[in-house]
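One structure below.
Written out as structure tokens, the structure reads:
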């Protein structure tokens with residue numbers, strides 16, 4: 001089967017994504033008006049509009065009618081919703097485990113999103129680097145076990161202070 005030709009809307013989509021990336025736009029930053037994007041990307045207005053609808057459905061941009069289009073905060077909701085829909089539409093019963101995983105992931109994302117974001121913003125990067133170094137040293141120690149001067153072999157487990165304080169709902173609704 002021959003590869004599909006990229007549509008004008010797909011080219012506009014790629015152009016807008018490239019624009020966001022190249023300009024290093026952050027969540028909340030305003031994108032140029034449709035007409036300006038048409039000139040920058042070299043696409044028609046209808047292609048830009050279709051690309052914007054696609055980007056909005058993926059939570060990459062937020063269209064505020066009368067105010068403009070803004071870069072959105074990162075969200076896994078479209079991915080989760082897409083997986084859930086695919087599993088729900090599937091007639092194959094072997095996907096039950098996948099459905100349970102998706103349900104659990106959705107519950108975790110929704111219950112922890114703000115708390116984890118705040119914890120990440122306020123934490124010092126040094127403990128994370130220390131943990132990464134310890135993990136690397138543990139891996140190197142296992143590889144160099146024949147060496148007489150092996151690096152530190154402290155146990156390598158991720159920081160779990162926040163996660164250990166939460167009761168996560170299971171797909172059946174019970175807390176663990």
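Residue numbers (UniProt numbering): 1 to 176.
Using N, Cα and C, we set each Cβ at its ideal position, and we do this for glycine too.
For this session: Assuming residue 50 and residue 56 form a contact by the criterion Cβ under 8 angstroms, report the distance between their Cβ atoms to the nearest whole angstrom.
Result: Along the chain shown, read from residue 1 onward, the residue named residue 50 stands at position 50. Along the chain shown, read from residue 1 onward, the residue named residue 56 stands at position 56. No, residue 50 and residue 56 are not in contact; Cβ-Cβ is about 11 angstroms, not under 8 angstroms.
For this session: Following the continuous beta strand (DSSP E) through residue 69, name the residue where it begins and the one where it ends.
Result: The residue you call residue 69 lines up with position 69 of the chain shown. Residues 68-71.
Exercise. Between the segment 75-87 and the segment 32-45, do at least 3 Cβ pairs fall closer than 8 angstroms?
Worked result: no
Problem set entry | Straight-line Cα distance separating residue 71 from residue 20 | Working through the chain shown from its first residue, we reach residue 20 at position 20. Working through the chain shown from its first residue, we reach residue 71 at position 71. Roughly 8 angstroms between the two C-alpha positions.
For this session: Starting from residue 21, trace the alpha helix (DSSP H) both ways and give me its first and last residue.
Result: Residue mapping note: residue 21 aligns to position 21 of the chain shown, counting from 1. Note, residue 21: alpha helix (DSSP H), 8-22.
Exercise. Skipping 5 residues on each side, what residues in its chain have a beta carbon closer than 7 angstroms to that of residue 64?
Worked result: What you label residue 64 is simply residue 64 of the chain shown in a count that begins at 1. So the list reads 70, once near-sequence residues are dropped.
Exercise. Taking the alpha helix (DSSP H) that residue 52 falls in, what are its first and last residues?
Worked result: If you number the chain shown from 1, residue 52 lands on position 52. Looking at the DSSP string, the run of the alpha helix (DSSP H) that includes residue 52 is 45-57.
Problem set entry | CA-to-CA distance, residue 96 to residue 66, given in whole angstroms | Here residue 66 corresponds to residue number 66 of the chain shown, with the count starting at 1. Here residue 96 corresponds to residue number 96 of the chain shown, with the count starting at 1. Residue 66 and residue 96: Cα-Cα distance of roughly 44 angstroms.
For this session: With a cut-off of 8 angstroms on the beta carbons, I'd call residue 87 and residue 98 a contact; round off their distance for me.
Result: Numbered from its first residue, the chain shown carries residue 87 at position 87. Numbered from its first residue, the chain shown carries residue 98 at position 98. Their Cβ separation, rounded to whole angstroms, is 6 angstroms, which keeps residue 87 and residue 98 in contact under 8 angstroms.
Exercise. Nearest-angstrom Cα distance between residue 85 and residue 58?
Worked result: In the chain shown, residue 85 corresponds to position 85, counting from 1. In the chain shown, residue 58 corresponds to position 58, counting from 1. Using only the alpha carbons, I get a separation of about 14 angstroms.
For this session: Determine the DSSP secondary structure at residue 25, reduced to helix, strand or coil.
Result: Within the chain shown, the letter at position 25 stands for residue 25. In this structure, residue 25 counts as coil in the three-state DSSP scheme.
Problem set entry | Alpha carbon of residue 45 to alpha carbon of residue 38, nearest angstrom | Sequence index remark: in the chain shown, residue 45 carries index 45 (1-based). Sequence index remark: in the chain shown, residue 38 carries index 38 (1-based). Answer to the nearest angstrom: the Cα atoms are 6 angstroms apart.
Problem set entry | Nearest neighbour of residue 68, chosen from 110, 10, 28 [CA to CA] | Taking the first residue of the chain shown as 1, we reach residue 68 at position 68. Nearest of 110, 10, 28 to residue 68, Cα basis: 28.
Exercise. Residues in its own chain within less than 6 angstroms of residue 25 by CB, not counting five upstream and five downstream?
Worked result: Counted from its first residue, the chain shown places residue 25 at position 25. Counting only Cβ-Cβ distances below 6 angstroms, and skipping sequence neighbours, we find 71.
Problem set entry | residue 62 - partner residues in DSSP beta bridges | Taking the first residue of the chain shown as 1, we reach residue 62 at position 62. According to DSSP, residue 62 bridges with 70.
Exercise. Cα separation between residue 18 and residue 73?
Worked result: Here the question's residue 18 lines up with position 18 in the chain shown. Here the question's residue 73 lines up with position 73 in the chain shown. Distance between the alpha carbons of residue 18 and residue 73: 17 angstroms.
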